[in-house]
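Peer 1: In the numbering used here, the protein residues as written are 585 to 821.
Cβ coordinates follow ideal geometry from the N, Cα and C atoms, glycine included.
Please read these numbers as outputs of a predicted model, since none were measured by experiment.
Structure in structure tokens, see below.
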């Protein structure tokens with residue numbers, strides 16, 4: 585995501601980079617999407633990039649640029665922002681808040697409410713983390729990251745985070761923001777946020793993206809999820 589630090593591990597064919605994200609996730613990305621510099625430069629950027637986007641649209645003369653929710657930028661004294669490539673932009677819509685202010689803003693809502701506010705209708709995209717495409721674990725990770733809580737990137741590791749909540753066929757004892765973990769076989773394959781009153785917020789290919797569903801509905805998809813529910817976790821609030 586814009587403004588995040590990556591560790592460069594390998595170059596291939598001049599155009600592809602193998603990188604490690606701050607959460608330990610390894611991936612390949614095109615060099616055109618990454619600003620590469622020495623370690624000191626990256627450390628300085630992370631220290632200065634204390635602004636977080638909440639739907640911010642940027643403008644520089646005739647250029648326009650939309651920042652993903654949670655993207656990092658440097659906030660300048662005149663209200664302009666600087667992106668990692670060094671360009672200075674005006675914020676034409678949305679807001680960029682300091683990280684503490686963004687966390688406080690997120691905590692005004694329960695995790696599933698926040699997820700719906702910023703990602704409702706976002707298409708499902710395996711490996712995605714933005715409102716232009718996001719998967720189930722990306723939605724859970726991003727929702728808690730907005731609150732200052734770090735979770736692993738993948739659903740199987742998220743199923744070990746926080747503390748265990750006792751499974752209950754009616755959802756008794758579940759709290760808004762609990763992470764419901766589903767296994768198709770031996771491996772955790774899906775996660776969702778408990779919203780309350782039997783509803784979950786999640787990103788699923790079967791529903792086309794992010795939305796709220798009734799876990800206890802009679803629909804085949806809901807029954808399948810109930811059958812595959814194997815764990816409920818409560819990350820630190």
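Beta-carbon within less than 8 Å of residue 587's beta-carbon, same chain only, minus the 5 sequence neighbours each way: which residues are those?
Peer 2: So the qualifying residues of the chain are 629, 633, 655, 656, 657, 667 and 668.
Peer 1: Sorted by chain position, which residues of the same chain lie with C-beta nearer than 7 Å to residue 691's C-beta, five sequence neighbours on each side aside?
Peer 2: The answer, listed in chain order, is 731.
Peer 1: Between the Cα of residue 868 and the Cα atoms of 755, 649 and 659, which residue gives the shortest distance?
Peer 2: For residue 868 there is no data in the structure shown, the boundaries of the chain being 585 and 821.
Peer 1: Among residues of its own chain, excluding the 5 on either side of residue 714, which ones have a beta-carbon nearer than 6 Å to its beta-carbon?
Peer 2: Around residue 714: 652.
Peer 1: Quick check: the Cα distance between residue 613 and residue 595, rounded to an integer number of angstroms?
Peer 2: The straight-line gap from Cα to Cα measures roughly 10 Å.
Peer 1: For the region 692–710 against the region 722–731, do three or more pairs of beta-carbon atoms, one drawn from each stretch, fall closer than 8 Å, so that the two count as touching?
Peer 2: At 8 Å Cβ cutoff, the stretches touch.
Peer 1: Please list, in chain order, all residues of the same chain as residue 786 whose beta carbon is under 6 Å from its beta carbon, the five residues on each side excluded.
Peer 2: Taken in chain order, the residues that qualify are 720 and 776.
Peer 1: Please work out which residues of its chain come closer than 6 Å, Cβ to Cβ, to residue 707, disregarding the five sequence neighbours upstream and downstream, and give them in chain order.
Peer 2: Hits under 6 Å: 717 and 793.
Peer 1: Over the uninterrupted beta strand (DSSP E) stretch that includes residue 596, give me the two end residues.
Peer 2: That run of the beta strand (DSSP E) goes 590–596.
Peer 1: Can you tell me which of the three DSSP states residue 748 falls into?
Peer 2: If DSSP states are grouped into helix, strand and coil, residue 748 belongs with the strands.
Peer 1: Confirm, please, whether the CB-CB distance from residue 697 to residue 611 is below 9 Å.
Peer 2: Against a cut-off of 9 Å, the Cβ pair of residue 697 and residue 611 comes out as no contact.
Peer 1: Can you grab the Cα-Cα spacing for the pair residue 743 / residue 607, in whole Å?
Peer 2: So the two alpha carbons sit approximately 16 Å from each other.
Peer 1: How is residue 789 classed by DSSP in three states: helix, strand or coil?
Peer 2: The answer is helix: DSSP assigns residue 789 an H, G or I state.
Peer 1: Compute the Euclidean distance between the alpha carbons of residue 739 and residue 722, then round it to the nearest angstrom.
Peer 2: Computed Cα separation, rounded: 9 Å.
Peer 1: Among residues of its own chain, excluding the 5 on either side of residue 590, which ones have a beta-carbon nearer than 7 Å to its beta-carbon?
Peer 2: Correct list, in chain order: 603, 604, 605 and 618.
Peer 1: Please state if the CB of residue 621 and the CB of residue 681 are separated by a distance shorter than 9 Å.
Peer 2: No; because the gap between Cβ atoms is not below 9 Å, this pair is not in contact.
Peer 1: Return the CA-CA distance between residue 711 and residue 763, expressed in angstroms with no decimal places.
Peer 2: Cα to Cα, residue 711 sits roughly 18 Å from residue 763.
Peer 1: I need the DSSP call for residue 742, collapsed to helix, strand or coil.
Peer 2: Of the three classes helix, strand and coil, the one that applies to residue 742 here is helix, per DSSP.
Peer 1: Does residue 797 pass the burial test, meaning 16 or more other C-beta atoms within 10 Å, or should it be called exposed?
Peer 2: Residue 797 comes out buried.
Peer 1: What three-state label does DSSP hand residue 627 in the structure shown?
Peer 2: Here residue 627 sits in helix by DSSP.
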